[in-house]
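Here's the structure we're looking at; comments come further down.
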Ligand code: ADP
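Dropping the structure here:
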């Protein structure tokens, strides 16, 4: 923005005086620019699978007297159209998550159930690739939020851990409750011993449509939106997502969420039954 448009404001917060270098107008403009960027990216990303569908449809037509070829092209048509459907679903999720009211429901969620749901969604893919999925035993911990969004976030991390590892790799999930004097939070960790991510790339992987190696990610069926969705789900829940990784050794993604501090829902349920 032009310097003159950045009408600086002085805002008192508690005893401190903070200089705010962006007025409402320029932050609105920034939001608008981000939105334009998003739409431009989407249009670009949609062109590839739509182009592929049209080429494949032509190929089917041209091969009408070769049943084997028709079968092959039809299979690829199916594959490309399910990729397109996944991309559209992720775009819908992301635009909801970027809206003013991103969390779908607010309930007490058992974190262990979230992890179990995410693992069951990925079980088949892991088996197909010979990857072992291990869930470390944990105590019951609770957060406030939307269980399906949280399961989406964890399952995105698990899918990535499977996709970016060699066959026979190990993916481990663990839940940690961290308590300090003024903080209580839950951490869900997803670790793999896969290909890893370099330091420079770690800073970019949470961006929309960012893929480390376009060719390799495409083979793994990625859209480049998964981690951006995870980040928005974490933020909507007042949490965060971070990554530790070393190329060739593996990666650990940590989803941190504020812990639910009320009475234990399981104990309350038991007390009600009695
Ligand atoms: P994609 O749909 O391509 O998987 P994501 O947003 O989920 O998109 O991830 C962005 C990029 O980050 C991926 O293309 C991949 O290169 C990298 N990445 C994500 N998770 C891992 C992981 N566990 N190990 C190595 N690289 C990863």
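Residue numbers (UniProt numbering): 115 to 388. Note that beta-carbon positions come from the ideal geometry of N, C-alpha and C, so glycine has one too. For clarity, every value in this text was computed on a predicted model and none was experimentally measured.
Relative to the C-alpha of residue i, which residue among the options is closest?
i, options, result
"residue 296", "375, 163 and 142", "375"
"residue 372", "214, 355 and 361", "355"
"residue 252", "265, 292, 195 and 246", "292"
"residue 254", "237, 223 and 209", "223"
"residue 283", "363, 166, 232 and 139", "363"
"residue 256", "198, 275 and 302", "302"
"residue 265", "198, 340, 323 and 241", "340"
Taking 6 Å as the cut-off, is the beta-carbon of residue i closer than that to any non-hydrogen atom of the ligand ADP?
i, result
"residue 350", "no"
"residue 299", "no"
"residue 274", "yes"
"residue 280", "no"
"residue 325", "yes"
"residue 287", "no"
"residue 337", "yes"
"residue 341", "yes"
"residue 365", "yes"
"residue 306", "yes"
"residue 347", "no"
"residue 309", "yes"
"residue 156", "no"
"residue 319", "yes"
- [ ] Mind listing, in chain order, the continuous beta strand (DSSP E) runs of no fewer than 3 residues lying wholly within the segment 168-211?
- [x] none
I'd like to know if the segment 305-321 and the segment 276-296 are in contact, where contact means that at least 3 CB-CB pairs between them fall below 8 Å.
yes
Practice task
May I have a chain-ordered list of the beta strand (DSSP E) segments no shorter than 3 residues that lie completely inside the segment 255-289?
Solution key: 256-259
Original post:
Should the segment 371-385 be called in touch with the segment 283-290, which here means at least 3 C-beta pairs below 8 Å?
Top reply: no
Notebook entry, point to check: For the 8 Å Cβ check, are there 3 or more pairs between the segment 144-155 and the segment 173-186?
Noted result: no
Secondary structure, alpha helix (DSSP H): runs of 4+ residues fully inside the segment 303-359
313-316, 328-333 and 340-350
Inspect the CB distances between the segment 345-353 and the segment 242-256 and report whether three or more fall short of 8 Å.
no
Check whether the segment 221-234 touches the segment 311-323, counting contact only when three or more Cβ pairs, one atom from each stretch, lie closer than 8 Å. no
Taking one C-beta from the segment 188-204 and one from the segment 229-243 each time, how about it: are there three or more such pairs within less than 8 Å?
no
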